[in-house]
Amino acid sequence: MKTTQIVPKNVKLGIYSMHAWIKRFEYLLHISYRLDIKKWLVRKANKLVVDACKKEKFRRQIALLVDAKKPDFGTTNHGNTVLKPFTVTQ
Numbered sequence: 026m027k028t029t030q031i032v033p034k035n036v037k038l039g040i041y042s043m044h045a046w047i048k049r050f051e052y053l054l055h056i057s058y059r060l061d062i063k064k065w066l067v068r069k070a071n072k073l074v075v076d077a078c079k080k081e082k083f084r085r086q087i088a089l090l091v092d093a094k095k096p097d098f099g100t101t102n103h104g105n106t107v108l109k110p111f112t113v114t115q
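In structure tokens form, the structure reads like this:
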């Protein structure tokens, strides 16, 4: 099992690098949802298009369940989910 050294300077503000990876992943994820419609604001007419292809691409290409709501937990976007797309190589 791999162990990680924690550098006190990096966690002085209470922000771990994993939180930054999660936020970056969610940001890129939400941008990618809108690539097909080429608009930032999703209206009702486009919402069906965005919702239809939203999670299907990740399930097919990377075999990940992303942005799914879990009861009493939030979403499935956590550290293990976030690291996989950034480490997958073609």
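Each residue of the sequence shown is one higher than the one before, starting from 26 at the first, in our numbering. Ideal placement from N, C-alpha and C gives every residue a C-beta, glycine not left out.
{"Asked": "Supposed contact pair V75 and R59 - C-beta distance, whole angstroms, cut 8 Å", "Found": "7 Å"}
{"Asked": "heavy atom of the ligand COA below 7 Å from K63 C-beta", "Found": "In terms of ligand content, the structure shown is empty, and the ligand COA therefore cannot be addressed."}
{"Asked": "Alpha-carbon spacing of A70 relative to L53, whole angstroms", "Found": "23 Å"}
{"Asked": "Where R85 falls: helix, strand or coil (DSSP)", "Found": "helix"}
{"Asked": "Selection from H55, T29 and C78 that minimises the alpha carbon distance to M43", "Found": "T29"}
{"Asked": "Local conformation of L66 per DSSP, three classes", "Found": "coil"}
{"Asked": "N-terminal and C-terminal residue of the alpha helix (DSSP H) that R59 is part of", "Found": "It is not in any alpha helix (DSSP H) - R59 carries neither H nor E in the DSSP assignment."}
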